[in-house]
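*Asks:* Quick one: structure below, then a few questions.
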Amino acid sequence: MFTRLMIAACAATMLVACAENKQEGSESPNPMVGENQAKSEVTTADAKAALDSAVTTASQAADEAVSAMSAKVEAFRNSANVELAELNRNIAEMKAKADNATSDTQEELKKMVADLQNKADGIKEKLAVLKEDSAEAMGEMEKGFNESIKEMKDAVEKAKARF
Numbered sequence: 366m367f368t369r370l371m372i373a374a375c376a377a378t379m380l381v382a383c384a385e386n387k388q389e390g391s392e393s394p395n396p397m398v399g400e401n402q403a404k405s406e407v408t409t410a411d412a413k414a415a416l417d418s419a420v421t422t423a424s425q426a427a428d429e430a431v432s433a434m435s436a437k438v439e440a441f442r443n444s445a446n447v448e449l450a451e452l453n454r455n456i457a458e459m460k461a462k463a464d465n466a467t468s469d470t471q472e473e474l475k476k477m478v479a480d481l482q483n484k485a486d487g488i489k490e491k492l493a494v495l496k497e498d499s500a501e502a503m504g505e506m507e508k509g510f511n512e513s514i515k516e517m518k519d520a521v522e523k524a525k526a527r528f
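For the sequence shown, counting from 1, position 22 maps to 387 in the working numbering; every step adds exactly one.
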């Protein structure tokens, strides 16, 4: 979208420069040339107006795309925060079970809880980066985040099934 906007701006600049160059040329004594020049000026003015309109439309489309992407990022972040809160709740439950477990299983459970907590912290960091990253990196971040969430869910389910 940005590339199209830049192309439109370059085209507008070139048209304006060509129109100014044509206006600086010498006037011909031939009345037909003058009439053609007047038509050319009207056509150039129409072209400028059309180009200005195209640039405005492209700019509005770019703004709308940025707004839509911002909304998508915000919706994803909210969803991710809900998922992370759920995982943290599961970790807290497992930690409580580990505290009440026998000494043999307690050590193993505490190790699992610590591993899960590290993964949750990594997800939290990815969310913080997502807030700062551009829209272009959104897809990559979303994929990585979803993979991390899946790994966490799998690890929680394995731990729950084991104990």
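Cβ atoms here follow ideal geometry from the backbone N, Cα and C, with glycine treated the same way.
Looking only at its own chain, which residues have a Cβ that is under 6 Å from the Cβ of Ala463, when we skip the five neighbours before and after it?
*Replies:* Mapped onto the sequence shown, residue 463 falls at position 98. The residues are Gln471, Leu474, Lys475 and Val478.
*Asks:* So, helix, strand or coil for Thr470, using DSSP?
*Replies:* Residue mapping note: residue 470 aligns to position 105 of the sequence shown, counting from 1. Helix at Thr470.
*Asks:* CA-CA distance, Phe367 and Ala423?
*Replies:* Numbered from its first residue, the sequence shown carries residue 367 at position 2. Numbered from its first residue, the sequence shown carries residue 423 at position 58. Residue placement at Phe367 cannot be trusted, given a pLDDT of 47 that sits under 50; the coordinates are not used to answer.
*Asks:* Are the CB atoms of Ala450 and Leu492 nearer to each other than 7 Å?
*Replies:* One-based indexing of the sequence shown puts residue 450 at position 85. One-based indexing of the sequence shown puts residue 492 at position 127. No.
*Asks:* So, for Ser513: in the same chain, excluding its five sequence neighbours on each side, which residues have a beta-carbon less than 8 Å away from its beta-carbon?
*Replies:* Residue numbering aside, residue 513 sits at position 148 when the sequence shown is read from its first letter. So the qualifying residues of the chain are Lys484, Gly487, Ile488 and Lys491.
*Asks:* How big is the Cα-Cα spacing for Ala461 and Arg454?
*Replies:* Numbered from its first residue, the sequence shown carries residue 461 at position 96. Numbered from its first residue, the sequence shown carries residue 454 at position 89. Cα-Cα distance, rounded: 11 Å.
*Asks:* Just to confirm my understanding: we take Met517, look at its own chain, exclude 5 residues before and 5 after, and list those with CB closer than 6 Å. What are they?
*Replies:* In the sequence shown, the residue the question calls residue 517 occupies position 152. Leu452 and Lys484, listed in sequence order.
*Asks:* Rounded to a whole number of angstroms, what is the C-alpha to C-alpha distance between Lys515 and Asp428?
*Replies:* Position 150 of the sequence shown, counted from the start, is the residue given in the question as residue 515. Position 63 of the sequence shown, counted from the start, is the residue given in the question as residue 428. In a straight line, the C-alpha of Lys515 is about 34 Å away from that of Asp428.
*Asks:* Would you kindly work out how many angstroms separate the C-alpha atoms of Asn465 and Glu458, rounded to a whole number?
*Replies:* For the purposes of this step, residue 465 is taken as residue 100 along the sequence shown, with counting starting at 1. For the purposes of this step, residue 458 is taken as residue 93 along the sequence shown, with counting starting at 1. Roughly 11 Å separates the two Cα atoms.
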